[in-house]
Amino acid sequence: MADALIFATLNGLVTGMLLFMLASGVTLIFSMMGVLNFAHASFYMLGAYFAFAISQQIGFWPALLLAPMLVGVLGALVERYGLRQVHKSGQVAELVFTFGLAFLIEEAVQLFWGRATQDFRSPAALDFALFTLFGQDFPAWKGVMLCISVSIFIGLYFVLTRTRTGIIIQAAITHPQAVANLGHNVPRLFMVVFGAGSALAGLAGVIAGPVLTTFPGMASVLGSIVFVIVVIGGLGSLTGALVASLLIGLLQSWAIASGLGMADLLALLGVSFPPDHALRDLWRLTLPQVAPLLPYLLLVLILIFRPSGLFGKRES
Amino acid sequence: MLEVMDLQAWYGKSHVLRGVTLRVGEGEIVSLLGRNGAGRSTTMKALMGELQVSGSALFRGQQILGLPSHEIAMRGIGCVPEHREIFPGLTVRQNLLLGIKPGQKASRWSLEDMFRLFPALGERADVPGGVLSGGEQQMLCICRALMGDPALLLVDEPTEGLAPQVVERVAQLLVEIASKGVAILLVEQKLGIALRISRRVYVMGRGQIVHEGTPAALLESDAVRREWLQV
Chain A
9 MADALIFATL NGLVTGMLLF MLASGVTLIF SMMGVLNFAH ASFYMLGAYF AFAISQQIGF
69 WPALLLAPML VGVLGALVER YGLRQVHKSG QVAELVFTFG LAFLIEEAVQ LFWGRATQDF
129 RSPAALDFAL FTLFGQDFPA WKGVMLCISV SIFIGLYFVL TRTRTGIIIQ AAITHPQAVA
189 NLGHNVPRLF MVVFGAGSAL AGLAGVIAGP VLTTFPGMAS VLGSIVFVIV VIGGLGSLTG
249 ALVASLLIGL LQSWAIASGL GMADLLALLG VSFPPDHALR DLWRLTLPQV APLLPYLLLV
309 LILIFRPSGL FGKRES
Chain B
70 MLEVMDLQAW YGKSHVLRGV TLRVGEGEIV SLLGRNGAGR STTMKALMGE LQVSGSALFR
130 GQQILGLPSH EIAMRGIGCV PEHREIFPGL TVRQNLLLGI KPGQKASRWS LEDMFRLFPA
190 LGERADVPGG VLSGGEQQML CICRALMGDP ALLLVDEPTE GLAPQVVERV AQLLVEIASK
250 GVAILLVEQK LGIALRISRR VYVMGRGQIV HEGTPAALLE SDAVRREWLQ V
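Now the structure itself:
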């Protein structure tokens with residue numbers, strides 16, 4: 009039991025921190041620009057595909073650097089020449105624009121790489137167990153994923169709280185016009201934040217691609233969970249994004265590892281049902297089976313009991 | 070220094086400013102008076118590039134209408150907006166440092182000057198701006214604008230909601246700022262202060278300038294005050 013819990017916790021941390029790399033971008037862009045970017049997970053997918061293409065030419069490590077940079081530049085261009093123009097037409101137009109962009113990217117990916125899953129692998133040099141505990145291996149690549157995502161979190165925290173640019177970003181989150189009136193180029197700042205957020209999503213794609221498989225549906229698989237996280241954490245709250253990402257990552261991972269079923273839980277309460285009961289399918293449900301539903305269940309509960317999210321300040 | 074001619078502005082489809090013409094000279098304090106809704110704050114916003122506008126506004130001979138807000142600020146116009154708008158989550162020091170413009174080399178005002186002018190800000194330099202009193206937040210907002218070394222300062226309702234002794238301190242500060250050669254265009258509800266510290270005044274009504282003159286002339290003109298200023 010202890011071994012399962014330890015590995016589930018480690019896997020939950022890896023997933024949680026990966027989700028944070030995406031959720032932080034969505035929440036930062038939302039709080040600054042008021043744009044809920046539905047195409048954010050598409051940049052994550054582009055990161056994986058770009059890295060796959062680059063790694064075939066010049067190897068994985070250059071791809072780890074180049075792919076997020078490419079995605080970041082693409083994100084900045086989307087903001088500069090797309091969103092900034094659409095912004096004049098209001099928030100609904102922006103929302104529809106990012107929706108359309110998500111479809112466009114998905115179609116483009118299928119056009120260039122096809123519908124099949126790509127054979128994108130982590131570097132062979134990291135194909136070993138980082139450590140073995142209770143007879144189970146923890147892959148080195150997952151360790152690298154955790155290191156990269158934790159470093160990104162520390163870096164993001166440092167930039168936002170200790171650098172002048174970060175402080176300007178913090179000020180622009182609440183009072184963009186006042187920041188512009190002090191001589192700071194707020195539209196350019198928006199472009200940089202959008203680009204940086206996209207690059208982070210791209211980096212998440214590069215490190216997750218080899219583990220979660222690189223295929224055209226990878227954006228929609230993770231995209232919906234990212235939005236659940238942003239709503240649970242509270243729209244616009246970075247702390248909320250971190251807590252909710254870890255919560256979802258760990259919750260899912262523990263649920264999968266637990267192997268508990270509805271029958272076990274009912275047995276604890278002293279309730280049992282005959283095997284031929286009309287609702288037997290419901291009693292036979294196990295936690296690993298419902299694990300993918302848990303984030304959405306949590307979302308519904310949060311929306312009922314705390315609509316602004318765990319750390320959100322906005323009411324709408 | 071600032072020559073505004075036939076300034077028109079719109080909020081969406083509402084035509085709010087209907088041809089404002091005014092002038093602010095080097096180092097002088099000019100007040101923009103009028104009742105609520107007369108268009109005074111809208112004039113400030115229009116000059117800072119926040120609205121859809123037409124007409125002309127020459128600052129040091131160069132057109133500023135149509136420029137984005139940050140470029141207007143970079144040309145030397147500082148802004149102390151209505152309702153203060155300090156950054157509540159940032160410390161007093163961070164608020165002030167954000168006033169320094171990108172690439173700014175020198176300034177007539179340093180952080181130390183600000184703390185000397187307002188010891189309260191110095192004592193609370195590392196606390197979040199949001200916990201300051203209304204008066205302290207107003208001082209912070211004015212000081213933040215000064216850190217960018219503006220040649221012209223647009224100040225919108227600086228004494229709104231402040232205690233009488235704080236109002237007096239704000240008035241002294243504005244005179245002190247002007248004595249260092251900074252021109253001030255002031256929107257002020259409290260007539261007494263505006264008339265005391267201004268060299269010239271404009272009165273606005275229905276989106277236009279309806280009277281222009283010295284404070285003494287306005288004091289003598291009962292008709293103007295009755296029609297456009299008294300509530």
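Protein chains in written order, with the numbering used here: chain A, 9 to 324; chain B, 70 to 300.
Cβ atoms here follow ideal geometry from the backbone N, Cα and C, with glycine treated the same way.
The beta carbons of A:Ala-75 and A:Ala-216 sit no closer together than 8 Å. Shown here, A:Thr-140 sits in a strand according to DSSP, grouped into three states. At a cut-off of 8 Å between C-beta atoms, A:Gln-185 counts as an interface residue with respect to chain B. Taking C-beta atoms as the reference points, B:Ala-194 and B:Arg-162 count as a pair closer than 8 Å. Residues of chain B whose Cβ lies closer than 7 Å to the Cβ of A:Ala-101 do not exist, since the nearest Cβ in that chain is about 16 Å away. Rounded to whole angstroms, B:Phe-184 and B:Arg-213 show a C-alpha spacing of 12 Å.
In the structure shown, B:Leu-91 falls within a strand segment according to DSSP collapsed to helix, strand and coil. Counting along the chain, the unbroken alpha helix (DSSP H) around B:Gln-241 starts and ends at 233-248.
For A:Met-153, the uninterrupted alpha helix (DSSP H) run begins and ends at 148-170, by DSSP. B:Ser-138 belongs to the set of residues whose beta carbon lies under 8 Å from a beta carbon in chain A. Going by DSSP, B:Ser-290 is part of no alpha helix (DSSP H) at all; its letter is neither H nor E. For a cut-off of 8 Å, the C-beta gap from A:Ala-249 to A:Ile-233 is around 12 Å, too long to register as a contact.
Taking 8 Å as the threshold, the shortest C-beta distance from A:His-95 to chain B does not fall below it.
C-alpha of B:Glu-226 to C-alpha of A:Gly-203: approximately 38 Å in a straight line. Counting only Cβ-Cβ distances below 8 Å, A:Thr-182 has contacts in chain B at Phe-156, Pro-157 and Gly-158, in chain order.
A direct Cα-Cα distance of roughly 13 Å separates A:Ala-137 from A:Ser-130. DSSP, read as helix, strand or coil, puts B:Gly-103 in strand. Burial check for A:His-285: the Cβ neighbour count within 10 Å stays below 16, so the residue is exposed. Under the three-pair Cβ rule at 8 Å, the region 130-142 of chain B counts as touching the region 185-199 of chain A. Ranked by Cα distance from A:Leu-30, the options A:Glu-115, A:Leu-82 and A:Ile-160 are led by A:Ile-160. Contact between the region 207-224 of chain B and the region 163-170 of chain B is present, with at least three C-beta pairs closer than 8 Å. Residues are counted here when their Cβ sits less than 7 Å from a Cβ of chain B; for the region 116-144 of chain A the count is zero. For B:Asp-225, the beta-bridge partners assigned by DSSP are B:Val-256. For the region 98-126 of chain B, residues whose beta-carbon sits nearer than 7 Å to a beta-carbon of chain A comprise Met-117 and Glu-119. Using beta-carbon distances, A:Val-194 counts as an interface residue toward chain B, with a partner under 8 Å. In this structure A:Leu-295 is in contact with A:Ser-266, their Cβ atoms being roughly 5 Å apart against a cut-off of 8 Å. Only exposed fits A:Arg-172, as fewer than 16 other CB atoms lie within 10 angstroms of its CB. Pairing B:Ala-285 with B:Glu-245, the inter-Cα distance amounts to about 22 Å. Where A:Gly-203 is concerned, there is no enclosing beta strand (DSSP E), although the alpha helix (DSSP H) around it starts and stops at 194-220.
Judged by DSSP in its simplified three-state form, B:Glu-119 adopts coil rather than helix or strand. Residues are counted here when their Cβ sits less than 7 Å from a Cβ of chain A; for the region 161-192 of chain B these are Gln-163, Leu-167, Gly-168, Lys-170 and Pro-171, given in chain order. For A:Ala-116, the closest C-alpha among the options A:Phe-128, A:Met-53, A:Phe-68 and A:Glu-102 is that of A:Met-53. Looking at B:Ile-133, B:Ile-98, B:Glu-154 and B:Gln-258, the one whose alpha-carbon comes closest to that of B:Ile-146 is B:Ile-133. A residue is called buried when at least 16 other Cβ atoms come within 10 angstroms of its Cβ; A:Pro-283 does not meet this threshold and is exposed. For A:Ala-188, at least one C-beta of chain B is nearer than 8 Å to its own C-beta. Interface with chain B (8 Å Cβ-Cβ cutoff): A:Ala-249 is excluded.
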